[in-house]
Amino acid sequence: MKVAMISLGCAKNLVDSEGLLGRLAEADDIEIVAEPDGADGVIVNTCGFLQSARQESEAIAAEMVRLRAAGRLSWVALAGCLVERYGPALRTAFPDVAFLGFRDYEDVEAVVRRAERGDLNPPPPPSRRGPRLDQGIHGTRFLLTQRSFAYLRISEGCDLRCSFCVIPAIRGTFRSRPLEDLVAEAEALAAAGVRELVIVSQDSSAYGRDTGGVRLPELVRALAAVAGIAWIRLQYLNPAFTDTRLLEAVAAIPEVVPYLDLPIQHASDAVLKRMRRTPGVAGIRRVIAEARRRIPELTLRTTVMVGFPGETEAEFRELLAFLEEIRFERLGCFRFSAEAGTPAATFPDAVPEEVKAERHDAVMARQQAITKQAQNARVGTIQPVMVDLPPPAGKTWGEGRTRGDSPEVDCKVLLTGGGYERGGPVSVRIFARHDYDLIGERADA
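Using our numbering, read the sequence shown as starting at -16 and increasing by one per residue.
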């Protein structure tokens, strides 16, 4: 049986997809293939975080159902956050597909074999009734990333109650994975050729707070000792819990790249209060100043949201002024989406969609100049670069990343010349910028 995976949404969801495929790949008669075309069945691992993500998940699910109706697939299965959040409605909308809730992940092989026989939605056995088994799926992973890097999910769920967020309702309370399990997984990834670990979680800075034991600094020290791991990158750090010990660890451990992803969401105290986010603007400013003081060559990434209910023009201008002041080298911007079941969905003074779009464009226009200026400063320097894709035969460019660039969300280095192998890092002389990306060649070639 040939099985394909379409993984949607965030890096944390991708880790689930890799775990599901890893379990399937252990069977002698199951082959993992890259595309639905030519597969017997496909699993769509959905995202349910925002309305746009739900629409994308449902559109792709509908396309896979059409392929099944045309005889090009034998079965289709839906998994992930959308299934967990909207299972009954999805079963009505897609009666001819199988479903994988979190509690089914351990039994993915049995689910797809039943789907192959046309047995789509049998009731769960008595032993599986009760609370969700949503600790995530771990063990052997079938990597969907370039082997230069892999994501390492260090926890599941979230204890914060931001007024706009559905993650606690979908993924449950915050649960840290044991340090020894994470080290073992990192060792397995390194043995598979992975050179960079990208640490992901709903709130990575909270690691260990639920157990009263090790914290994130202890974890990164243990991961840095894993043979073969050259870079460790920290993402999804809440400014409220990014303390001096963590900043000292980033500065002191050579394997931890000088890069921090600090989603601030906004820079107006009034908006942050309605979002139920801490700290306030002064606290965010202190964390950033301390980080830049302690960590040489630091790259900062953040995420902001525009169009939150009640956001006035003056509050939006506060955000723009803060972004100009701080000058994050990397930034993502989202428009507020009213998600059913969240307090913010009921807040008054909704911002019109056209105003959200205008504010999103204004933030990104401001950020374009900041990012390009930061990239210009690297032209003429020699940078350590992780090679994600060596230049293919007959092609001009390969692709890599500096320490200041996380895979899939940040900028790239376009690699010229020869002598590259996947992984690294290698020393690259940066000689030009192309839009947001840099262009370079091996410094020792």
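For glycine and all other residues, C-beta sits at the position ideal for the given N, C-alpha and C. All of these numbers come straight from a predicted model, not from anything done at the bench.
Cβ neighbour criterion (16 or more within 10 Å) applied to residue i
| i | result |
| --- | --- |
| residue 0 | buried |
| residue 276 | exposed |
| residue 433 | This structure cannot speak to residue 433, because the chain is shown only from -16 to 428. |
| residue 418 | exposed |
| residue 2 | buried |
| residue 34 | exposed |
| residue 196 | exposed |
| residue 107 | Its pLDDT being 49, under 50, residue 107 is placed unreliably by the model, and nothing is read from it. |
| residue 79 | exposed |
| residue -10 | buried |
| residue 359 | exposed |
| residue 407 | buried |
| residue 218 | buried |
| residue 37 | buried |
| residue 112 | Residue placement at residue 112 cannot be trusted, given a pLDDT of 37 that sits under 50; the coordinates are not used to answer. |
| residue 109 | Residue placement at residue 109 cannot be trusted, given a pLDDT of 40 that sits under 50; the coordinates are not used to answer. |
Nearest neighbour of residue i, chosen from the options [CA to CA]
| i | options | result |
| --- | --- | --- |
| residue 61 | 53, 71, 54 | 71 |
| residue 479 | 414, 418, 226 | Limits of the chain in this structure are -16 at one end and 428 at the other, which puts residue 479 out of reach. |
| residue 420 | 407, 357, 400, 169 | 357 |
| residue 405 | 388, 391, 369 | 369 |
| residue 73 | 254, 362, 41, 125 | 41 |
| residue 257 | 291, 236, 278 | 291 |
| residue 395 | 377, 401, 373, 402 | 373 |
| residue 251 | 240, 263, 245, 259 | 263 |
| residue 389 | 273, 341, 241 | 241 |
| residue 52 | 39, 77, 343 | 77 |
| residue 165 | 202, 142, 255 | 202 |
| residue 123 | 8, 293, -12 | 8 |
Residue range of the unbroken alpha helix (DSSP H) whose run includes residue i
| i | result |
| --- | --- |
| residue 305 | 296 to 309 |
| residue 350 | 336 to 359 |
| residue 274 | 264 to 277 |
| residue 0 | -6 to 8 |
| residue 73 | 64 to 76 |
7 Å Cβ cutoff met for residue i and residue j
| i | j | result |
| --- | --- | --- |
| residue 349 | residue 302 | no |
| residue 317 | residue 288 | yes |
| residue 225 | residue 188 | yes |
| residue -14 | residue 24 | yes |
| residue 270 | residue 335 | no |
| residue 387 | residue 424 | no |
| residue 101 | residue 68 | no |
| residue 285 | residue 220 | no |
| residue 135 | residue 180 | yes |
| residue 371 | residue 383 | yes |
| residue 353 | residue 310 | yes |
| residue 322 | residue 149 | yes |
| residue 27 | residue 44 | yes |
| residue 229 | residue 200 | yes |
Host beta strand (DSSP E) of residue i (start-end)
| i | result |
| --- | --- |
| residue 406 | 406 to 417 |
| residue 313 | 313 to 318 |
| residue 366 | 365 to 372 |
Distance between beta carbons of residue j and residue i, contact taken as under 8 Å
| i | j | result |
| --- | --- | --- |
| residue 207 | residue 236 | 5 Å |
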